[in-house]
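Note sheet for the following structure.
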Amino acid sequence: MNEAVGGEVDYDEFGLLAENAAEAGLPWAGPPPVRREVVDVSPGQQVSALIWGEGDPGLVLLHGGAQNAHTWDTVALATGRPLIAVDLPGHGRSSWRQDRDYSPARNAEAVAAVTAELAPAARAFVGMSLGGLTAIRLAAAHPHLVRRLVVVDITPGVTAEKSAPIAEFVQGPETFASLDELVERTVRYNPSRSASSLRRGVLHNAYQRPDGRWAWRYDRLRPRGAGPDRASLWHDLAAVTVPVMLVCGAKSGVVGDTDREQFRRLQPNARLEMVDGAGHSIQGDRPLELAALIEDFTA
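Note that the working numbering gives residue 796 to position 166 of the sequence shown, counting from 1, and the numbers run on in steps of one.
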C-alpha cells in the first residue's frame, strides 16, 4: 500500500522491510510474503493484522500500548515462519472503541475473534507490555486457543510509577508541525536506538492530518481508572496451565525483582529470560535475541 502523505512522504507500508533486514544483518532475497487483513470483531469494530508467510500461521504477536503490528517486523523477518501480528483495538489500523476501553480483558476478546478468522491453527502467543497482559487474559479465558505463552517485559505488577517514563512520552503533544519534529522527539526518548529504526517506527505509527500536522495513530484517550486490574490479572496468570516464558529487558524498569518473584510463585515452571542491552521494547532494542528466544520456546 502506498500513501502519498501531503506530498511530503511517499509511504509504502512494506517497502521499509529491506531496511529492517539490512540493519539487523538478515539476508534479503526480496520482499517476503506479507499482507494486511481486516476482521470485523463486533458491530462497528474492526481489527487489522499483518499476515506473514505462506501456510497456516502458528504464532500470534501482540504489541504494546501506543505501538502497532509493525513493531514486530524485524522479529517476523528473523523467524521466517508463518505468523500474524495484530493491531490491537485503538492502535495502528484497527478501529478506536467508542467506550475507549482498551483493557486486557476487552483486547483478549478481539484477539480471540481475529485468531479464529486469520490464524485458527495458531497455538503460540507472544505479547509485549499491554499485549502481554492481553495474552495472559486470553490464555486464562480461552485456554483452547493458547498452547504456549511468551510474555515480554510486563507482569500484572506494573504500576503507574514503573511505567511513568513511557506514559510521559505517550501522552506528550497531541500533534506535531512536521514528521521530522515527531521523529526528533522519538529519538530523544530512545537515545540508544538508531535514528533510522525510529523513523521507520514513526512512519508506521503516525499520519498527517488534513490540516498538515502530524499525529499518532493510536487513541490517546483513556477513561478514568482505565489501568489494568492487577489483582484479576494475577489471578488469570495463576490459571494459565500451558508453558510460559517471561522475557525482560535488562535496562527496563517496568518489571522489578518482586514482580518476577510473584510471577514465579504463580507459575513455578515458567522460564525466565533477561535480554542484555534491551529496555522495555525488546523487539526494537534486541529483535534477533528476542526472535531466537521465541523460536526456541515455541517451535
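Glycine included, C-beta positions come from ideal geometry on N, C-alpha and C.
Because the structure is a prediction, the values reported are computed rather than measured.
Endpoints, the beta strand (DSSP E) within which Gly-879 is located = Translated into the one-based positions of the sequence shown, residue 879 becomes position 249. Segment 874-879, the beta strand (DSSP E) holding Gly-879.
query = At which residue ranges does the stretch 732-810 contain complete beta strand (DSSP E) runs of 3 or more residues, listed in the order of the chain?
reply = 754-758 and 778-782
ask   = According to the Cβ coordinates, are Phe-927 and Thr-785 closer than 8 Å?
value = The sequence position of residue 927 within the sequence shown is 297, counting from 1. The sequence position of residue 785 within the sequence shown is 155, counting from 1. No, these two residues do not count as a Cβ contact at 8 Å.
task = Look at the alpha carbon of Leu-656 and the alpha carbon of Trp-846, and state the distance between them as a whole number of angstroms.
result = The residue given as residue 656 occupies position 26 in the sequence shown. The residue given as residue 846 occupies position 216 in the sequence shown. If you draw a straight line from the Cα of Leu-656 to the Cα of Trp-846, it is about 29 Å long.
ask   = According to DSSP, which residues form a beta bridge with Trp-846?
value = Numbered from 1 along the sequence shown, position 216 holds the residue referred to as residue 846. Ala-836.
ask   = With DSSP run on the structure shown, which of helix, strand or coil describes Gln-892?
value = On the sequence shown, position 262 is the one that residue 892 refers to. Note: Gln-892 maps to helix in three-state DSSP.
query = With Asp-866 and Arg-767 assumed to form a contact (beta carbons below 8 Å), what rounded beta-carbon distance in angstroms separates them?
reply = Position 236 of the sequence shown, counted from the first residue, corresponds to residue 866. Position 137 of the sequence shown, counted from the first residue, corresponds to residue 767. Sure, about 5 Å apart at Cβ, within 8 Å.
C-alpha distance - Ser-882 paired with Pro-821, whole-angstrom precision = Here residue 882 is taken as the residue at index 252 of the sequence shown, counted from 1. Here residue 821 is taken as the residue at index 191 of the sequence shown, counted from 1. Answer to the nearest angstrom: the Cα atoms are 14 Å apart.
From Ala-752, Gly-694 and Arg-753, residue whose alpha carbon lies closest to that of Gly-720 = Locating residue 720 in the sequence shown gives position 90, counting from the first residue. Among Ala-752, Gly-694 and Arg-753, the Cα nearest to that of Gly-720 belongs to Gly-694.
ask   = Roughly how many angstroms separate the alpha carbons of Arg-988 and Met-875, rounded to a whole number?
value = Coverage of the chain is limited to positions 631 through 929, which leaves residue 988 absent and any answer about it impossible.
ask   = In three-state DSSP terms, what is Arg-901?
value = Working through the sequence shown from its first residue, we reach residue 901 at position 271. Strand.
task = Could you check how far apart the C-beta atoms of Leu-775 and Thr-745 are, in whole angstroms? I think they sit under 8 Å.
result = Position 145 of the sequence shown holds residue 775. Position 115 of the sequence shown holds residue 745. Distance from Leu-775 to Thr-745 at the Cβ level is roughly 6 Å; contact confirmed, criterion being Cβ atoms closer than 8 Å.
query = Which whole-angstrom value describes the C-beta separation of Pro-917 and Ala-699, a residue pair presumed to lie in contact below a C-beta threshold of 8 Å?
reply = Along the sequence shown, one-based indexing puts residue 917 at 287. Along the sequence shown, one-based indexing puts residue 699 at 69. Taking 8 Å as the upper bound for CB-CB distance, Pro-917 and Ala-699 are not in contact here, some 14 Å apart.
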